[in-house]
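Numbering of the sequence shown is given in the numbering used here, commencing with residue 86 and proceeding in unit increments.
Positions of the beta carbon are idealized from the N, C-alpha and C atoms, including for glycine.
None of these values were measured; they are calculated from a predicted model.
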Amino acid sequence: MASEGRQNVSLAHSLAAPDVHGEMPDATLTSVGSEVVLGFSEDDPENPLNWKPTDKWLIIAQLSALSFINPMASSMVAPTVEQTGQALGCDSSTLQAFAVSVFLIGYLAGGSIFAPLSELYGRRLASLHPLEGSNWFFALMNVCCAFSPNFSVLIFLRFLVGVGASGCLVIGSGIVADLFRLEERGKVISISSICPLIGPVIGPICGGFLAESAGWKWVYWLLAILSAALGALMVLFNRETNHRVLLDRRALRRRRRSSGPNLAPLSEKKEAKTAYILLALARPIKLLCLSPVAFLLSIYLAVVYGLLYLLFATIAMVFVEQYGWSTGLTGLSFLGVGVGQIVGILVVGYISDASVSRRTQANNGKFEPEMRLAPSIWFAWLIPISFFIYGWTVDKKIHWIAPIIGMFPFGVGLMVVFALISTYVIDAFTDYAASAQACVTMTRSAVGGVLPLVAPAMYSRLGLGWGNTLLGFLAAALIVPGPALIFRYGGVLRQKYNVKL
């Protein structure tokens, strides 16, 4: 288990930091061979864990806004693909569905790069720099989508949009770990997690009406405008939060001012720079291959997200064909999932930290990350139940409100499971939370990008009733037991397979 000692990173034999040219003794200095390692002291004002709450929440607000806009692009085009296909000469329903889901494959590629780089060079550089930043790349690729000459080019550009959108998602967990202590993270994650989940729900609502009134290109123009405007604000108001990067800067300042000991930041490595970069880039893959907990969480969320995006890729089609809705109205069919997610986030905010506190006290004051997962054991049942209700109500063409209500439990279950697992990842892999998040994001994005492609053939063969029943049984077999298994055996697996990163 990753240590919670990020707020006090001095090693054994810690020494009081001397006054260096008038500086306050706000750091710890530790002898390591011929060097003195620099770390944060307990009450260090430069330690992000000790920043003012307003400063912390300003960063979380910016991150949440970015995490709303970028994932919104994943599904905002769903109601428009038929119109786009007609404009660009593509009548294949499979390719049209792929234009929606290929975005998630971009998540896979981008997340594997941005997360480790954020741990190496800092959160701000990896997510906001005008030349290298994922958000600016996201905005630019959306502009390019609006100028696509054909559908094949559009699909490729949608992949690149997904690459840009991945930055805020995989870096977000690292930022939360940088800013908040263990006992505070549950509520923070419950708030910040709603944005990447509610964005794909709001997206089709906006996209449907926008495409109907102004044309499909304006979907991409709107995404580019929103992300560029937010990016400009964040360049002005955001701050670096990565502890290692901040200590690097402090060590550099003290080297320049002091002729004393050879100060080195705690994060300083002996490897050559190129080797260190390659090591950082390999972390998500290393976790996926060597950590059973990371592997199981990756497979688990891959199934959950695959089912989510299978729904997103087909809901618009179902409500057009079964209920005769217009392109604009089809976006409203996502409200059941959206309202469910809002309820889910309220549930997580209420029970997460309280449940952990209760279980920690019962465990003689010893916290285990698996304690986070206890509530999700029960809420996971809502996901398969939702498929049964949704599938048979649309199959029998029961009033349109019935399938929308049927998707409500899915939203609740998805939100609770996702938020608690996200917090668990931070607690279990604190120092490398961004890489751990990238690990689970890569797998879920790959499955989420491919699974929707089977939807047209599956529903054509089985029908909406039995097709969704099959998905419900799949969810019951794979999604329901997952939290219970990690809750029971996660601690043993983490201790037995402690991956050195």
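Residue from the options with nearest C-alpha to residue i
i    : options                : result
S545 : M402, L467, P494, I474 : M402
A367 : W551, V166, A521       : A521
P460 : P469, R444, Y475, N449 : R444
G476 : I489, F199, V246, A465 : I489
S203 : E325, L417, V584       : E325
E269 : T169, I436, L321       : I436
G300 : A231, I240, L381, I506 : A231
A250 : A262, L264, S275, P281 : P281
A224 : T528, P156, I283, A504 : P156
D263 : V532, W136, G293, L363 : W136
I144 : L382, V162, T179, L315 : L315
E167 : A296, M527, P568       : A296
V532 : G191, W466, I283       : G191
L396 : D128, A172, T169, S186 : S186
D140 : V261, D176, I198       : V261
D516 : S442, A562, L536, K585 : K585
W221 : L382, G247, I240       : G247
A560 : I486, S219, W551, I468 : I468
Q426 : I486, F265, T528, F493 : F493
S411 : T554, T165, L331       : T165
L587 : Q181, R573, F199, A569 : Only positions 86 to 586 of the chain appear in this structure, which leaves residue 587 out of reach.
I283 : P541, K451, G429, A518 : G429
G271 : A504, F472, M226, P541 : A504
Host alpha helix (DSSP H) of residue i (start-end)
i    : result
Y305 : 302-322
C291 : 279-299
E127 : E127 -> no alpha helix (DSSP H), and no H or E assigned at all.
G548 : 540-563
L582 : Leu is not the amino acid found at residue 582; the sequence shown has Tyr there. No alpha helix (DSSP H) holds Y582; DSSP gives it neither H nor E.
D512 : 493-513
W142 : 138-161
E167 : 166-173
L134 : Per DSSP, L134 belongs to no alpha helix (DSSP H) and is neither H nor E.
S237 : 236-264
Y435 : 420-447
S233 : Unbroken run through S233: none, as it is neither H nor E.
L414 : 412-415
Check whether residue i and residue j have beta carbons under 8 Å apart
i    : j    : result
V388 : L578 : no
V501 : V432 : yes
P130 : H328 : no
G288 : F236 : no
S159 : F188 : yes
G257 : S277 : yes
L267 : D512 : yes
C253 : L242 : no
M456 : C291 : no
G423 : G496 : yes
G567 : A465 : yes
L538 : A182 : yes
L382 : V510 : yes
G491 : G421 : yes
V255 : T528 : no
Classification of residue i by the beta-carbon crowding that lies within 10 angstroms, buried from 16 upward
i    : result
C374 : exposed
L337 : exposed
K371 : buried
L499 : buried
E406 : exposed
I571 : buried
S530 : buried
P285 : buried
S507 : buried
Y582 : exposed
P369 : buried
D333 : buried
A523 : buried
V117 : Here V117 scores only 46 on pLDDT, less than 50, and its place in the model is too uncertain to base an answer on.
A163 : buried
Q171 : exposed
D438 : buried
D176 : exposed
T399 : buried
F558 : exposed
S298 : exposed
I279 : buried
Cβ-heavy atom distance, residue i to the ligand MN, below 7 Å
i    : result
L386 : You won't find the ligand MN in this model; it holds no ligand whatsoever.
Residue-chain proximity (residue i, chain C), Cβ-Cβ < 8 Å
i    : result
L536 : Absent from the structure: chain C. Only one protein chain is present.
4 or more residues per run - each alpha helix (DSSP H) lying fully within the segment 463-490
Here the runs fully enclosed are 467-480.
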